[in-house]
Amino acid sequence: MEWVRGDLLGHGSFGTVNLGIPKSQSLQFPPLMAVKTCGSSHSALLDHEKSILQQLQDCPQIIECFGGDFSFENGEKLYNLFLEYAMGGSLADKLKNSGHRSLPESEVRRHTESILKGLQCIHENGFVHCDLKLQNVLLCQNDVAKIADFGLAKKSGEKIVGFELRGTPMYMPPETVVAGEQEAAADVWALGCLVAEMVAGTPPWRCSAEGNVCGLLLRIGFGEEVPEIPGKLSEEGKDFLGKCFVKDPRKRWTAEMLLNHPFVVDHGDDHDHYNTRVVAL
Ligand code: ADE
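The opening residue of the sequence shown carries number 29 in the working numbering; numbering runs sequentially from there.
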């Protein structure tokens, strides 16, 4: 397929993401795509991501992948991965555009259900995402949230070499910090952090010493507390987060169990306990 590189959309766990516009219409490719590109030093990671995405393509809550190719630009060989274009940007963009206020609870519930369905599919297929965060949840057509960026994903049970921690410290569960354990339950803890961030407007563990990653990891791994549960959340929401923030990964709820929690089962539009706007008629 011949295509043209468009505007920069963002950066992934490695490589950049641009708009990709096919030169001619075909049934195989949509008119707009997102193209993740890297140089040869990261090409194995791009292959790894493509292989995992291709095994998860039956799931509507995972970003679609249309294959890969390579190109030569300014004398450099570049490796490209063609992905579904998420016109709504990421949940991180959405929160930023709201001025880091919270998203309405009904919206949080809807996105949480989509992300849980995506996670369930990832875990059923024997993978762990390892880097679930607002930047990696993209809003596609009809505002459907889909999980993206599988650059750090791994096979479940795969040992992490040399105690290498994957992901974002702020979203790490105790077992990852203490024992380097990163299995499906770690994605559920990260989901809880992401939901708390959508509600509070700012990341969890906010009161930790700014920039002190070691101090934060000590608190997560060895302290008694769990991430702060936003007070303005409904009781169902607080209970849901309580199930995500169980310190023992074996007692933490799974994505499948959480899909039956009332926080996601009963999401109508009557759950906006905050952000209520009075509209002058
Ligand atoms: N940024 C990163 N990946 C993207 C995608 N698939 N669509 C839109 N923006 C993105």
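Note that CB positions come from ideal geometry on N, CA and C, so glycine has one too.
Checking the 7 Å criterion, the Cβ of residue 45 is within range of a heavy atom belonging to the ligand ADE. C-alpha of residue 241 to C-alpha of residue 173: approximately 29 Å in a straight line. The C-beta of residue 70 has 16 or more other C-beta atoms within 10 Å across all chains shown, which makes the residue buried. Judged by the Cβ position, residue 218 fails to qualify as a neighbour of the ligand ADE at the 7 Å threshold, every heavy atom of the ligand being at least this far. The beta carbon of residue 183 lies closer than 7 Å to those of 154, 155 in the same chain, with the five residues before and after it left out. Look at residue 61 here: in three-state DSSP terms it is strand.
Taken from the Cβ of residue 287, every heavy atom of the ligand ADE lies 7 Å or farther away. Taken from the Cβ of residue 107, every heavy atom of the ligand ADE lies 7 Å or farther away.
Each residue's CA atom was taken as its position, placing residue 126 and residue 197 some 24 Å apart.
Residue 90 carries a strand assignment under DSSP once its states are collapsed to helix, strand and coil.
Rounded to the nearest whole angstrom, the C-alpha separation of residue 206 and residue 57 is 45 Å. Relative to residue 177, the option among 92, 286, 275, 140 whose CA is nearest is 92.
Of the other Cβ atoms in all chains shown, fewer than 16 fall within 10 Å of the Cβ of residue 72; this residue is therefore exposed. Beta-bridge analysis with DSSP links residue 156 to 182. Remark: C-beta atoms of residue 98 and residue 107 approach each other more closely than 8 Å.
Not one heavy atom of the ligand ADE falls within 7 Å of the beta-carbon of residue 80.
Between residue 116 and residue 169, the alpha-carbon positions lie close to 8 Å from each other. The residues 216, 271, 272, 274, 289, in chain order, have a CB closer than 8 Å to that of residue 281 in the same chain once the five nearest residues on each side in sequence are set aside. The C-beta of residue 122 has 16 or more other C-beta atoms within 10 Å across all chains shown, which makes the residue buried. Burial of residue 163 is indicated by the presence of at least 16 other C-beta atoms within 10 angstroms of its C-beta. Cα atoms of residue 181 and residue 80: separation of roughly 8 Å, rounded to the nearest angstrom. Shown here, residue 78 sits in a helix according to DSSP, grouped into three states.
The beta carbons of residue 202 and residue 248 sit closer together than 8 Å.
In this chain, residue 121 is not harboured by any beta strand (DSSP E); it is covered by the alpha helix (DSSP H) spanning 119-125.
When distances are taken from the beta-carbon of residue 77 to the heavy atoms of the ligand ADE, even the shortest one reaches 7 Å or more.
Ranked by how close their Cα comes to the Cα of residue 36, the residues 75, 283, 152, 62 have 62 in first place. Beta-bridge partners assigned by DSSP to residue 36: 46. For residue 250, the enclosing alpha helix (DSSP H) starts and ends at 241-250.
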